[in-house]
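There are 4 protein chains.
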Amino acid sequence: MDYCLLVILMKYEVKDEKKDLLSEPIKHIDIKTFNAIPLIEAFDHMAFQSRNLANACKIYDRMLVDKDCSIILCLAGSLVSAGLKNIIVDMIRHAMVDVIVSTGAIIVDQDFFEGLGFQHYRGEVRVDDSKLQKMHVDRIYDTYIDEDDLRVCDMTIKKIADGLPSRPYSSREFIVEMGRYLQKNGKNPDSFVLEAYKNEVPIFCPAFSDSSAGFGLVFHQHERKNNYLTIDSVKDFRELTELKVQSKQTGLFMIGGGVPKNFVQDTVVAADILGIDATMHKYAIQLTVADERDGALSGSTLKEANSWGKVDTGYEQMVFSEATITFPLLVSFAYHKGTWKKRKQQKLNQLFQ
Amino acid sequence: MDYCLLVILMKYEVKDEKKDLLSEPIKHIDIKTFNAIPLIEAFDHMAFQSRNLANACKIYDRMLVDKDCSIILCLAGSLVSAGLKNIIVDMIRHAMVDVIVSTGAIIVDQDFFEGLGFQHYRGEVRVDDSKLQKMHVDRIYDTYIDEDDLRVCDMTIKKIADGLPSRPYSSREFIVEMGRYLQKNGKNPDSFVLEAYKNEVPIFCPAFSDSSAGFGLVFHQHERKNNYLTIDSVKDFRELTELKVQSKQTGLFMIGGGVPKNFVQDTVVAADILGIDATMHKYAIQLTVADERDGALSGSTLKEANSWGKVDTGYEQMVFSEATITFPLLVSFAYHKGTWKKRKQQKLNQLFQ
Amino acid sequence: MDYCLLVILMKYEVKDEKKDLLSEPIKHIDIKTFNAIPLIEAFDHMAFQSRNLANACKIYDRMLVDKDCSIILCLAGSLVSAGLKNIIVDMIRHAMVDVIVSTGAIIVDQDFFEGLGFQHYRGEVRVDDSKLQKMHVDRIYDTYIDEDDLRVCDMTIKKIADGLPSRPYSSREFIVEMGRYLQKNGKNPDSFVLEAYKNEVPIFCPAFSDSSAGFGLVFHQHERKNNYLTIDSVKDFRELTELKVQSKQTGLFMIGGGVPKNFVQDTVVAADILGIDATMHKYAIQLTVADERDGALSGSTLKEANSWGKVDTGYEQMVFSEATITFPLLVSFAYHKGTWKKRKQQKLNQLFQ
Amino acid sequence: MDYCLLVILMKYEVKDEKKDLLSEPIKHIDIKTFNAIPLIEAFDHMAFQSRNLANACKIYDRMLVDKDCSIILCLAGSLVSAGLKNIIVDMIRHAMVDVIVSTGAIIVDQDFFEGLGFQHYRGEVRVDDSKLQKMHVDRIYDTYIDEDDLRVCDMTIKKIADGLPSRPYSSREFIVEMGRYLQKNGKNPDSFVLEAYKNEVPIFCPAFSDSSAGFGLVFHQHERKNNYLTIDSVKDFRELTELKVQSKQTGLFMIGGGVPKNFVQDTVVAADILGIDATMHKYAIQLTVADERDGALSGSTLKEANSWGKVDTGYEQMVFSEATITFPLLVSFAYHKGTWKKRKQQKLNQLFQ
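Protein chains in written order, with the working numbering: chain S, 8 to 360; chain D, 8 to 360; chain W, 8 to 360; chain R, 8 to 360.
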């Protein structure tokens, strides 16, 4: 009989192990440092998703040329933890985006979180998750977050809420306050919540409580019992519809699908219901890995959105490839084209003052 | 030279063409009429997604056996327009679900819409969407909806809102009112908004305004100027957390991903932040086509959720296959097992009275 | 400092551990034991992939009705190791298929392998693969194979080759010899290589050496130095084109994509090049998870194949869902419809005698 | 009643319409004209597929550094029609690849085809395929091919076969003859069949007849009746195994999956069966959109391949993103790193002379 005797002797210090796990911070890509124009121009003569990406680049540049167009950036997926944050910061700084509609996690757990001085870390996919859980390390695919840091973020939201008058807020209004907080207390200038605040770019989270903000706000309401602030999701929709109505033309730049994609498309219908004749979104690009075959919204084609009267045809393109690769290329192309130099900040937050 | 002269003479009546397009209603599958047990038991000895589906069936049955367990059904994707509505109605009728968390479209545009007597129709994928748009026909992959019917649905939401006191509502509270409306004015008994109302099953929509409800509520607020009702998404989160805390154990039955998946998982953390020691979700199954490779939430594994302390390990299973096929099989299995016969309606809406 | 001292003492017998790993054989589903007709008829009034599956069922039944039609089954993916083998055996026994085109692995490593008395086993996805490797356990996603058994299979192929005259063979001819071998020496009557042999159903493997057969045949040639048999892939193509030409109509039933899908579609063009006026494939269904967006063959649409003059339009349907779930439903539907009762075995191997 | 009278008058010349469709040739990307190093180095600090791509780049560079390593490029998917041809030409010219294993379509219908002076064209996805068919225009997703050109390609294969001695050939041997033909008669210097011929880089097509070559060779055999050449797929496998045995180390660079992926991995086992102690493939990278969940080979993980004793662990990486975007970035990175400058052409075709 083949017996096998195995003795493993392990000694480790738990704290040090956590420190080891959280030792390599995610660094955000800087699209200004490489010029994607030659690559994209080559892609334009090729096929499949490379050509689709080139076409999306051309449509985005066309949005930037069109002086009547307000550009709405829709964000879904773990984009900031993946290292894409500074692209969005740069888009705001260079007047390449006018409105942002996002999932809550991107805004609160990821961007605002980093604005407070915290970081995301390189991790592994194949790992013992229950061990991570014991160390308070949260995993997003191949990245790690220190859960103790996240709790500080939650509590900061509560603190902001505690200092505000008790009334219904749109998520946009509350995110303005988060930007204000970062301007005073932030520890990292590269936050698009902060940058949007400074440039008066409205940010909407149609499902705001579905994030770290939810934790802080639930605690705020729980503690106050009554006389607390509320987040009125109807107000979000009213404000975004107002923005749609005020813009002569609109262009959608969507990363991922989900609620942001649906919400912003619906504004055309909402305007119509209010008796206002708003145009369809004239331009629309989407970077996604979802496809149309399961009938779900995220992968639904922009042609399908045309049947709903939401998106015009002619300047619409889906790119079926993952955003960590395509988003940097797309914005680097547009940045180096320089069309934004003739554009002005639309400062659309001023509409609501 | 080969010249080709083509003359097409078309005469048609627009109204008749629309009627033709909307002539074959979607019929909802009845999982009571076929017994999936032999199929699922065979799947259990096979491989890949068939075996994963069999394991998910076993876990769902285990949730039904566990007397301490509250079962939370999370819905995302165009499930009702696809013919899956009556499965959910049957789950409520037979005490197979205790809480529902859903996207707004499923609740308002699809289920409530059908409760008002409207229908969805078989359509085509390859079609001229701009032509559909002119006829007020909206497309979801291979199904059609009459946009004029949808407007009636929007306005019904407004009417309900107009009749309610002006205060912040959770989406759950408003959906109770929708159920009450259907009981009085509904034209189709097969609506799970109605059935949940009757059986006091709470329904949450964390992004309620991102739906046909949004249109009606925006109109309501717009007309009233002030003194209108609001939808407080924080209240949603507080109430769902309260439900989590009151349940000894919880099991998640997720179709698709998106906001419902994230929202319900977050309740464990929310409870913790309020200083209450809530258990992780003990059981979790998800039917999805998304995968983990793009780092987004919808395809994130249930193992990953364990690192966040949200989902326990041991009884969790993802089935990577489309829900129009897997959902009927799964619930037919559980229905014919009959475990639900020993279960009682938990009537969790009573918690909030 | 929190030191943690961990001592693990493990004693195990390697052979027993391997036996444990290989303790739960995959069992093949029997589509005769459940009737999928009610389910599929419900699917026909629904949407997305359930309706596509229902339409594929109707097209397959139409192939069975059409007396002029030869039905060609194309197989790719680990179908036999997943428990789908007996469906194919039943299709042959009940005259529901006339020609098979397959990857080598399905024919040799999986079906012939089981015909020799070996089995596949339930396994795990998340496992230490290097440990498996040391134990001679091969993994396919969540199934295990005993590598030592596979070597016996390889050597059996060599033995068959050693006993045959030295000349070029089509894969079809060699697979006939494998069937003959199983009839004499097989240990499991449920093998479709055997069943096809008995019913004179031709089986083609366009990439025959890319399988366990390759190992045996390389050894055969290596040992002989010269005077060995060869596998002429051109002969395969000639023979399959001959079959296409002899059939008035053809219907394709494809599972997965890859070489079998391409090979069989190409026969229409091959006939044309030989100056013979062959019809396009009149019917075509495909069960696959691949999609068209990367331009690769496996996910290319059957409409696209029409541009090549390979597949006719009207009776073609792709079902985008995994075959372990959809294949049993599809064939159970057709089996219980009973259309095959009026069909005769076409015994197409006789064409080459 | 709303009557709508529509009269369309169309006049077009069929030949001109075809010319219009085939007016924009695909242009092949030149990875020497842009430097992907800064982008890839940024990706290395990010997450998801961007980081996986960066890791694959590092592994490929490691293969180029390792003097003992033979680099085997595996090709599947419509890569050449998509504009990726010159990347492969450049890899050969700069000693960045030592062996190629490919599907037949890439070698014959696409590369050799362009070597004869023909081209691929930009096309559309949403198009009337039956109309294309009538015009002899073949579609691959969003590209077009003139079917009349393809027939010339088929007949050229026949002509080459007609001029060769009648004996069994490996696909490698036949492809050498195709390179020889192009050197004399080719009309485009950018062909990797030609470039491989000049640099004595072996090219294998394990399913050679499953391509335009099949058409020509069937015609050759059909016309000759007997005394024709054959393609012995066993010989392919023997030769590739011989190459594996002769190389101290091997690295796999796989684009797509399918037969090439499987075939080259199997050589380790084949060597073992011949009693030769070959090492596992030391390095392995794969660019693919397939995933592991359906158990099929194309998406099977390289960890899984380790259980089979085929691929070593440590230096293996899958990149789940489409190759038209990732392949140019990967090879541009390696090209500009310049490691290839210290490498020599291995000229492995000499092994078989």
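Glycine included, C-beta positions come from ideal geometry on N, C-alpha and C.
Item: Proximal residues to Val208(D) (C-beta, below 6 Å), its chain only, five neighbours per side dropped; Value: Ile99
Item: Reduced DSSP category for Arg179(D) - H, G, I as helix; E, B as strand; rest coil; Value: helix
Item: Tyr151(S) CB to nearest heavy atom of the ligand SAH below 7 Å; Value: For the structure depicted, the ligand SAH is absent and the ligand set is empty, with no information on it obtainable.
Item: Whole-number beta carbon distance between Ile167(W) and Cys212(W), since they are thought to touch under 8 Å; Value: In fact, because the Cβ distance is near 14 Å, the residues do not count as touching under 8 Å.
Item: Cβ-based burial, Pro267(D) [other Cβ within 10 Å; buried from 16]; Value: buried
Item: DSSP state of Asp145(D) mapped onto helix, strand, coil; Value: strand
Item: Where Met261(R) sits in the DSSP three-state scheme; Value: strand
Item: Where Leu46(R) falls, given that 16 or more other Cβ within 10 Å makes a residue buried; Value: buried
Item: Where Asn233(W) meets chain R, residues with beta-carbon distance less than 7 Å; Value: Chain R residues near Asn233(W): none, gap ~10 Å exceeds 7 Å.
Item: 4 or more residues per run - each alpha helix (DSSP H) lying fully within the segment 187-253 of chain W; Value: 199-205, 219-231, 240-253
Item: Exposure label - Pro335(S); buried when at least 16 CB within 10 Å; Value: buried
Item: Rounded straight-line distance, which links the Cα of Asn42(S) to that of Tyr342(S); Value: 8 Å
Item: Alpha carbon of Asp169(R) to alpha carbon of His227(R), nearest angstrom; Value: 7 Å
Item: Reference Glu24(D); option with closest CA among Asp97(D), Val144(D), Val108(D); Value: Val144(D)
Item: Contacts of Arg300(D) in chain R (Cβ-Cβ under 8 Å); Value: Phe55, Gln56, Asp298, Phe327
Item: Candidates Val106(S), Leu123(S), Asp27(S): closest to Asn356(S) by CA position; Value: Val106(S)
Item: Asn93(S) and Val326(S) closer than 8 Å at C-beta; Value: no
Item: Endpoints, alpha helix (DSSP H) assigned at Met103(S); Value: Taken as a continuous stretch (DSSP letters only), Met103(S) belongs to no alpha helix (DSSP H), as it is neither H nor E.
Item: Reduced DSSP category for Leu171(D) - H, G, I as helix; E, B as strand; rest coil; Value: coil
Item: Coil, strand or helix - Lys18(W) by DSSP; Value: Confidence at Lys18(W) is low in this model, with a pLDDT of 38, below 50, so the placement of that residue should be treated as unreliable; the coordinate-derived value is given next. Strand.
Item: Exposed unless 16 or more other CB atoms sit within 10 angstroms - verdict on Ser339(S); Value: buried
Item: Cα-Cα separation, Pro172(D) to Glu180(D); Value: 12 Å
Item: Gln324(D) - DSSP class collapsed to helix/strand/coil; Value: strand
Item: Pair within 8 Å by beta-carbon distance, Gly122(R) and Ala330(R); Value: no
Item: Identity of the residue in Thr320(D), Asn206(D), Asp136(D) nearest Leu259(D) by Cα; Value: Thr320(D)
Item: Close beta carbons around Val3(S), own chain, < 7 Å, minus the five adjacent residues each side; Value: In this structure chain S extends from 8 to 360, so residue 3(S) is not present and cannot be described.
Item: Interface residues of chain D facing Lys289(S) [CB-CB closer than 8 Å]; Value: Those do not exist, as Lys289(S) stays about 14 Å from chain D at its closest Cβ, beyond 8 Å.
Item: Any chain R beta carbon closer than 8 Å to Asp273(W); Value: yes
Item: Beta carbon proximity, Ile33(S) to chain R, threshold 8 Å; Value: yes
Item: Span separating the alpha-carbon of Arg174(D) from that of Phe55(R); Value: 44 Å
Item: Test item: CB-CB of Gly221(D) and Val271(S) under 8 Å; Value: no
Item: Tyr148(W) at chain R interface by Cβ criterion, 8 Å; Value: yes
Item: Nearest-angstrom beta carbon gap, Phe120(S) and Leu157(S) [assumed within contact, 8 Å]; Value: 7 Å
Item: Neighbour list for Pro335(D) in chain S, Cβ cutoff strictly below 8 Å; Value: Residues of chain S passing the Cβ test: none, with the nearest at roughly 15 Å.
Item: Backbone secondary structure at Ala291(R) - three-state DSSP; Value: strand
Item: Simplified DSSP state of Thr333(W), which is helix, strand or coil; Value: helix
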